[in-house]
Amino acid sequence: MFLAALLIGLREGLEAALIVSILIAYARKLGRDDLRRRIWFGVVSAVILSAVLGAVFTFGRSRLSFKAQEIIGGSMSLLAVVMITAMVVWMVTSGPKLKKSLESGVDAAVTAGSGTALTVLAFVSVAREGIETTLILWGWTDTVTALAGAFLGIGLAVLMGWGLFKGVLKIDLGRFFTWSGAFLLIVAGGILAYGIHDLQEAAVLPGPFSGAPISPTHPRTGEVLTGFADYPFWGAAFPFGWAFDFSDSFAPDSFIAALLKGTVGFVPQMSWLEVTAWFIYMVLVIPPFVRRTLGTRRAKKKRIEDAKTANPKTNTQDERHLVSSSEQGES
């Protein structure tokens, strides 16, 4: 889970860092360095809100019963899946307009002469990323390793944001968000399975923990059926039994099991409902994401080619500027 949590913290943190960089850079461009204090006040307030929210969730959970923890944890996992999916889709569809949208917000605040409006803009923009990170991590995991990964990712994001703002770091943000988005969708599939498992343990959803007659059991041993069991009939384990059980091959606390759980959501023993939900989610989100990403890249390439055609004398420096501007817009 360390790797997945690190990527979540890095991606969300980098989005927040880019938002802050855009706001401060545009305020400087307008010759209004006095607005930076307003921007930073909104940013710090958003960070404090996210930290308080995380603390409330963490310490509040310890007072709940096991069933209540599983119900809330499972529900929050499903919410995390929705938020990750929406975040990735939003970045693909609206990311190119982010810079222009934020600059328009600054213009409106400056025109109205309202410093409060600028503070609210910075607060809302950053708080969204912070609250998303808090809810995703809280609903998915509370292990020290995962939280350490998330904090490391956020720390790296702050350093990268500073480097990009100062111009000492050059990265292809469009490519970064594309690949990280694809990986996060795979992680979201695992979180979906994780949430369903929690809800099955709490008996909110039917499954192996429900007991007879809901759970398919062996007539003689009483064990919950696994895989494509052919007794008492073929496929009797589906849909509320176990899809597979590799506990004898992979110890749940082994490195391989932890790596697979933190990336694709695989655990040695999974129910048919978990596996089915994971598969359906992958089929529904991955192909559209790939098509949309390829379409965006083709459109970007066409804009560059059209610019070259319109001005055949465009030199290498102009081409680099065009590519850089396009990548910044996609961020």
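When you line the sequence shown up against the numbering used here, it's residues 81 to 411, in that order.
Glycine included, every Cβ here is placed at the ideal spot set by N, Cα and C.
Just so it is clear, the structure is predicted and the values come from calculations on it, not from any experiment.
Asked                                                                                                           : Found
Pick from L98, G89 and F82 that is closest to L249, judged by C-alpha positions                                 : L98
W234 classed as buried or exposed, judged by whether at least 16 other C-beta atoms fall within 10 angstroms    : Looking at the sequence itself, residue 234 is Ile, so the reference to Trp does not match. By the 10 Å Cβ count, I234 comes out buried.
Per-residue DSSP class, three states only, for F324                                                             : strand
At least three beta-carbon pairs within less than 8 Å, the region 150-165 to the region 276-288                 : yes
Unbroken beta strand (DSSP E) run spanning M350, endpoints                                                      : Q349 to S351
Per DSSP, cross-strand counterpart(s) of T297                                                                   : V304
A85 and L265 closer than 8 Å at C-beta                                                                          : no
Selected residue, minimal CA-CA separation from G229, among T389, I88 and V100                                  : I88
Euclidean distance between Cα positions of S130 and K381                                                        : 38 Å
Alpha-carbon to alpha-carbon, E212 and S145                                                                     : 25 Å
Check whether F324 and M350 have beta carbons under 8 Å apart                                                   : yes
Exposure of K341, with buried meaning 16 or more beta-carbon neighbours within 10 Å                             : buried
Runs of alpha helix (DSSP H) lying entirely within the region 215-274, each at least 4 residues, in chain order : 224-246
Touch test, the region 165-183 against the region 252-270, Cβ-Cβ under 8 Å, three pairs minimum                 : yes
Assigned exposure category for S295 - 16 Cβ within 10 Å defines buried                                          : buried
Touching by the beta-carbon criterion (3+ pairs, under 8 Å), the region 196-205 and the region 114-124          : yes
Buried/exposed call for L278, threshold 16 Cβ in 10 Å                                                           : Per the sequence presented here, residue 278 reads as Asp, with Leu not at that position. Buried is the call here.
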